[in-house]
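Below: one structure, written as structure tokens.
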Amino acid sequence: MIDSTRFLDCEWEFPPFRTLHDFLLESSRFQLPNYNDLRKWNNRIVNNLVYYQTNYLYTCIAILLVMLSINPVKMLIGMATLVSICGMFFYYFEIDEFCVRLKRNFPQIGVIYAIMCGSTIFYTQDSVIYALFSILLSFCGKFFFA
4 MIDSTRFLDC EWEFPPFRTL HDFLLESSRF QLPNYNDLRK WNNRIVNNLV YYQTNYLYTC
64 IAILLVMLSI NPVKMLIGMA TLVSICGMFF YYFEIDEFCV RLKRNFPQIG VIYAIMCGST
124 IFYTQDSVIY ALFSILLSFC GKFFFA
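Counting in the working numbering, the sequence shown runs without a single skipped number right up to 149 at its last residue.
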């Protein structure tokens with residue numbers, strides 16, 4: 004059995020923030036990787052992601068904040084839709100034993116629920132796409148620099 008209290012006692016530390024000079028400017032060598040040697044390329048990406056992980060976290064947050072400032076209403080509606088639908092699916096299918104029994108006894112409720120979630124996503128489609136694009140852009144930016 005796994006002791007879950009063991010994880011609560013440990014202290015979390017962020018790795019140090021690397022300087023802008025080290026992260027983007029002179030000491031960072033932007034060059035095309037050797038695509039023929041995949042092991043070396045993979046090792047380079049993993050090492051960069053580990054070494055600059057705090058910088059990449061702040062970069063992702065900055066990109067998301069820029070996207071939020073460009074169109075805050077779309078971003079907030081899209082994120083709220085995604086979070087609420089994911090939360091409802093998680094609650095409906097995993098957490099509540101009553102809902103699991105209800106789903107087992109009345110499978111039509113699951114179909115109705117899926118139609119309601121699909122129509123919500125369809126109604127707020129542009130906001131959901133904007134929010135997903137913002138998240139994807141932040142991750143693509145991270146891998147571009149790695």
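From the three backbone atoms N, C-alpha and C, an ideal C-beta is built for every residue, glycine too.
Bear in mind the structure is a predicted one, so any value in this text is a computation, not a measurement.
Residue interval of the alpha helix (DSSP H) (run including residue i)
| i | result |
| --- | --- |
| N45 | L41 to Y54 |
| N108 | E100 to N108 |
| F93 | P75 to F93 |
Straight-line gap, residue i to residue j (C-alpha atoms, nearest Å)
| i | j | result |
| --- | --- | --- |
| Y126 | V49 | 40 Å |
| C89 | L105 | 19 Å |
| E97 | V103 | 7 Å |
| N37 | L52 | 18 Å |
| F101 | L85 | 24 Å |
| P110 | S122 | 19 Å |
| S130 | M91 | 19 Å |
Own chain, CB closer than 7 Å to residue i, minus 5 neighbours either side, in chain order
| i | result |
| --- | --- |
| S141 | C63, I66 and L67 |
| Y133 | N74, K77, M78 and G81 |
| Q56 | P18 |
Spatial neighbours of residue i in its chain, beta-carbon cut-off 8 Å, leaving aside the 5 residues before and after
| i | result |
| --- | --- |
| A41 | What sits at residue 41 in the sequence shown is Leu, not Ala. Cβ neighbours of L41 beyond the five flanking positions: none. |
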